[in-house]
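Only one structure is covered here, and it is reproduced in the block below.
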Amino acid sequence: MPDTLFGAMLQSIVDGAPDTAAELAQQALANGVDPLEAVNRGFAVGITFAGDQFGCGEMFLPDLLASAEAMKAAIKVLEPEMLKRGSRREALGKIVLGTARGDIHDIGKNLVATILSASGFQIFDLGTSVTPEQFVAKAKEVDADIVGVSALLTTTMAGQKAVIEALDRNGLRPRVKAIIGGAAVTSKWAAEIGADGYSRNAIDALELAKNLMGKGTALA
Ligand code: B1M
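Quick note on numbering: the sequence shown equals residues 119 to 338 in this note's numbering.
In C-alpha cells form, the structure reads like this:
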C-alpha cells in the first residue's frame, strides 16, 4: 500500500492539487505512516520532480507555484504529528532561523524548523528574505546559540556569507554558531564561508545542531 500512496503523493504535487495532497497526507497518518517518511518518499520527490521540469522548461512558474501550494497543504496536515512525535523533553538551545536575503523559498526551511522544534530547540523563525542585520538583531535579542540560514538560489547563497560576516562583525561568533543549508548549498561552500556547519536535510540539521550544542550522538 505505501508505495502506491507515495506515488499518489508525488503526483498530487506535480499536478499542483492541494486538496488531494492534504487528503493523501491525512490518509498516510490514518495508516500509521511516519509523517517525515511521507514527506521524503512522497511529497518531496514530487516537488523535486516539478523543479526539474521547471528547470528544463517543461513546466512554467504558475505550475511550480501550484506545486509549492500543494506541498504546503500536505505539510500543514503532517506538521502537528511531526511535532507530537518529537521528544520535547529538554531545552536544547535557541536557534534563529530564516531564508537568506532575496530568497523566498521556505518549504525546506519550515521543515527544518518543525523538526528542530519537535526535538526541543526553541526556534525563532524570521521567515524569508531576511537581511544580515535582522539575523544579528534577533540573535542578540534572544541570546541565540545558533543562527541558521537557508538558501535555495545560487544567487542568494552570498546572503549566507553576509550573515556570517555580520555575526563576526558584531562579535557574536564564535559563541553563536552559524549553520547553513538549502538545495544549492554544499559542504565546500560552508567551509569556504567559514560556517560552523552544513546539512543536506532536516534530520541532518537536527544532528548538526545537537552536536554544536554538545548534545549530539556523533561528532560535528
Ligand atoms: Co524556485 N528555484 N524559484 N520556487 N524552486 C529552485 C530552487 C530551482 C533549483 C528550480 C530549477 O530551476 N530547477 C531554481 C534555482 C536555480 C539556481 O539558483 N541554481 C529556482 C528558481 C530559478 C526560482 C525563481 C528565480 C524562478 C523565477 O521567478 N523565474 C524564483 C525565485 C524567487 C525568489 O526566491 N526570489 C523561484 C520561485 C519558486 C516558487 C515561489 C514557485 C516555489 C517556492 C515556494 C516556497 O518555498 N514557498 C519554488 C520551488 C518550490 C522550487 C523547487 C522546485 C523546490 C524547493 C523545495 O521546496 N524543495 C526548487 C527545485 C529543487 O530544489 N529541486 C526550486 C523541497 C524542500 C523540502 O527541500 O528546500 O531543498 P529544500 O530543503 C531541504 C534541504 O535543502 C535542507 O533541509 C530541507 C528539508 O529536508 N535545508 C536546510 C533547507 N534549508 C536548510 C537550512 C539548514 C539546514 C538544512 O540550516 C539552516
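We treat Cβ as the ideally placed atom computed from N, Cα and C, and that holds for glycine. Please read these numbers as outputs of a predicted model, since none were measured by experiment.
Check: With 16 as the cutoff for other CB atoms within 10 Å, does I222 come out buried or exposed?
Finding: For the purposes of this step, residue 222 is taken as residue 104 along the sequence shown, with counting starting at 1. With fewer than 16 other Cβ atoms within 10 Å, it is exposed.
Margin query: Using 8 angstroms as the cut-off, can you tell me whether the stretch 214-231 makes contact with the stretch 173-182, which would need three or more C-beta pairs spanning the two stretches below that distance?
Written below: no
Next item on the list: Could you tell me whether the stretch 222-235 touches the stretch 251-270, using the rule of 3 or more Cβ pairs below 8 angstroms?
Entry: yes
Next item on the list: Identify which residue in I321, A308, E251 and A302 has its Cα closest to the Cα of L234.
Entry: Here residue 234 is taken as the residue at index 116 of the sequence shown, counted from 1. The option with the nearest alpha carbon to L234 is I321.
Next item on the list: Hey, could you find the ends of the beta strand (DSSP E) I264 is sitting in?
Entry: Here residue 264 is taken as the residue at index 146 of the sequence shown, counted from 1. Counting along the chain, the beta strand (DSSP E) containing I264 begins and ends at I264 to S268.
Next item on the list: Identify whether S317 lies in helix, strand or coil by the three-state DSSP scheme.
Entry: Counting from 1 along the sequence shown, the entry for residue 317 is found at position 199. Looking at S317 - three-state DSSP - the assignment turns out to be strand.
Check: Just the Cα atoms here: how many angstroms apart are E232 and F242?
Finding: Here residue 232 corresponds to residue number 114 of the sequence shown, with the count starting at 1. Here residue 242 corresponds to residue number 124 of the sequence shown, with the count starting at 1. In the sequence on display, residue 232 carries Thr and not Glu. Each residue's Cα considered, the two are about 11 angstroms apart.
Checklist line | Close-in-space but distant-in-sequence residues of the same chain around V254 (CB under 6 angstroms, 5 per side omitted) | finding: By 1-based counting over the sequence shown, the position of residue 254 is 136. A284 and N288.
Notebook entry, point to check: Roughly how many whole angstroms lie between the Cα atoms of K69 and L142?
Noted result: A query on residue 69 cannot be resolved here, the shown segment of the chain reaching from 119 to 338 and no further.
Checklist line | Straight-line Cα distance separating V248 from Q240 | finding: To locate residue 240, count along the sequence shown from 1; it is residue 122. To locate residue 248, count along the sequence shown from 1; it is residue 130. Spanning the two alpha carbons is a distance of roughly 19 angstroms.
Item checked: Limits of the unbroken alpha helix (DSSP H) element including G169 -> Here residue 169 refers to the residue found at position 51 of the sequence shown. A162 to G173 is the extent of the alpha helix (DSSP H) around G169.
Check: In or out: D263 buried (at least 16 other Cβ within 10 Å) or exposed?
Finding: Along the sequence shown, one-based indexing puts residue 263 at 145. Looking at its Cβ environment, which holds 16 or more other Cβ atoms inside 10 Å, D263 is buried.
Note to self: Please classify D137 as buried or exposed, where buried requires at least 16 other C-beta atoms within 10 Å of its C-beta.
What the structure shows: Taking the first residue of the sequence shown as 1, we reach residue 137 at position 19. So D137 counts as exposed.
Next item on the list: Please look up how many angstroms separate the CB atoms of A313 and I282, rounded, as I've assumed it's under 8 angstroms.
Entry: Locating residue 313 in the sequence shown gives position 195, counting from the first residue. Locating residue 282 in the sequence shown gives position 164, counting from the first residue. The pair is a contact, with the Cβ atoms about 6 angstroms apart (cut-off 8 angstroms).
Check: Going straight from the alpha carbon of E251 to that of K227, what length do you get?
Finding: On the sequence shown, position 133 is the one that residue 251 refers to. On the sequence shown, position 109 is the one that residue 227 refers to. The alpha-carbon atoms of E251 and K227 are separated by roughly 19 angstroms.
Next item on the list: Could you give the DSSP three-state label for D286: helix, strand or coil?
Entry: Along the sequence shown, one-based indexing puts residue 286 at 168. If DSSP states are grouped into helix, strand and coil, D286 belongs with the helices.
Item checked: Under the three-state DSSP convention, the category V157 falls into -> Here residue 157 is taken as the residue at index 39 of the sequence shown, counted from 1. Helix.
Notebook entry, point to check: From this set, F161, A148, E325 and A309, which residue's C-alpha is nearest A88's C-alpha?
Noted result: In this structure the chain extends from 119 to 338, so residue 88 is not present and cannot be described.
Check: For V132 versus A168, is the C-beta spacing smaller than 8 angstroms?
Finding: Numbered from 1 along the sequence shown, position 14 holds the residue referred to as residue 132. Numbered from 1 along the sequence shown, position 50 holds the residue referred to as residue 168. It is a contact, given that the beta carbons lie within the stated cut-off.
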